[in-house]
């Protein structure tokens with residue numbers, strides 16, 4: 001009886017000891033793993049901060065007219081781009097938009113004949129794109145919403161006055177502002193949203209450039225801008241989207257017509273968004289199937 005009890009005690013002690021060693025070993029494995037993840041996250045943060053600072057330096061150099069400073073920092077920016085986990089921060093379209101903005105900046109600042117205005121514009125566009133990547137919650141580009149509203153008001157005043165030349169000049173300002181923030185929007189928004197704005201800008205340009213100048217048609221086209229801009233900038237408003245022009249039965253005809261166009265645009269945006277999310281879901285499933293550990 002005693003030998004059996006002694007044998008049982010020895011076996012039980014060995015089992016407890018093995019469990020303790022195993023538990024201790026697991027803790028030792030988990031701690032380095034967590035430490036490694038934290039270190040990687042900190043390293044990524046530092047890389048992003050340096051990337052953002054370099055973009056700011058490029059922009060400041062452009063303001064100061066320091067060509068050497070701008071060129072050297074653009075080269076540095078291009079090198080830093082390779083260290084950033086872009087796939088974790090934006091879409092494929094966003095990666096392309098950011099890369100193109102840096103390549104365009106490099107091409108402009110290295111041109112034989114430097115155009116100061118284009119130089120400053122290109123570096124500003126690149127700076128906004130980098131900021132959109134780094135500061136997803138509070139990007140600088142969304143502050144341009146008010147600028148666009150002012151552009152639309154200016155366009156509308158000129159169109160109502162029948163001043164075709166002024167309308168074209170105001171449209172160029174609107175178009176330039178959109179070109180400035182477009183890469184940033186692509187980085188942060190669903191591609192279908194940006195495509196809808198692209199289509200609208202082309203649509204408005206067609207009416208603005210039409211000969212002879214048709215004031216009423218341009219005013220109607222301008223009236224579509226607000227809901228599309230609200231979609232892009234993710235803004236909401238309690239005020240009416242547009243004010244009908246005319247009186248009597250014309251008001252209802254105009255309202256129904258322009259409303260149908262806007263609904264069509266927003267429906268298209270919704271459909272494109274659905275297609276995009278569906279593709280992303282399939283892509284995630286494919287990656288998961290390729291890597292069972294993921």
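Residue numbers (the working numbering): 1 to 294.
Think of the CB as a built atom: it goes at the ideal place given N, C-alpha and C, for glycine as much as any other residue.
Which residue marks the beginning of the alpha helix (DSSP H) containing residue i, and which one marks its end?
| i | result |
| --- | --- |
| residue 144 | Unbroken run through residue 144: none, as it is neither H nor E. |
| residue 173 | 164–188 |
| residue 91 | From DSSP, residue 91 is part of no alpha helix (DSSP H); its letter is neither H nor E. |
| residue 84 | First-last for residue 84: undefined, no H or E at that position. |
| residue 223 | 215–223 |
For my contact list, residue i and residue j are in at a C-beta cut-off of 8 Å; report their separation, rounded to the angstrom.
| i | j | result |
| --- | --- | --- |
| residue 128 | residue 184 | 5 Å |
| residue 109 | residue 71 | 6 Å |
| residue 74 | residue 105 | 6 Å |
| residue 201 | residue 175 | 6 Å |
Looking at the structure shown, is residue i part of a helix, part of a strand, or coil, going by DSSP?
| i | result |
| --- | --- |
| residue 98 | helix |
| residue 210 | coil |
| residue 73 | helix |
| residue 234 | coil |
| residue 112 | coil |
| residue 66 | coil |
| residue 136 | coil |
| residue 227 | helix |
| residue 297 | Only positions 1 to 294 of the chain appear in the structure, and residue 297 is not among them; the question remains open. |
| residue 252 | With a pLDDT of 42 at residue 252, under the threshold of 50, the predicted position of this residue should be treated as unreliable, and no value is reported. |
Please return the same chain residues whose Cβ sits closer than 8 Å to the Cβ of residue i, not counting the five positions on each side in sequence.
| i | result |
| --- | --- |
| residue 145 | 229, 233, 235 |
| residue 99 | 81 |
| residue 63 | 120 |
Quick one: residues in its chain with C-beta nearer than 7 Å to the C-beta of residue i, no 5 flanking neighbours on either side, listed in chain order?
| i | result |
| --- | --- |
| residue 158 | 166, 167, 170 |
| residue 221 | 203, 204, 207 |
| residue 133 | 89, 90, 98, 187 |
| residue 218 | 159, 167, 207, 208 |
| residue 78 | 102, 106 |
Can residue i be considered in contact with the ligand NAP, in the sense that its beta carbon sits closer than 6 Å to one or more heavy atoms?
| i | result |
| --- | --- |
| residue 66 | The model on display carries no ligand, and the ligand NAP is accordingly not part of it. |
Between which residues of its own chain and residue i is the CB-CB distance below 6 Å, once the five residues before and five after are set aside?
| i | result |
| --- | --- |
| residue 180 | 125 |
| residue 103 | none |
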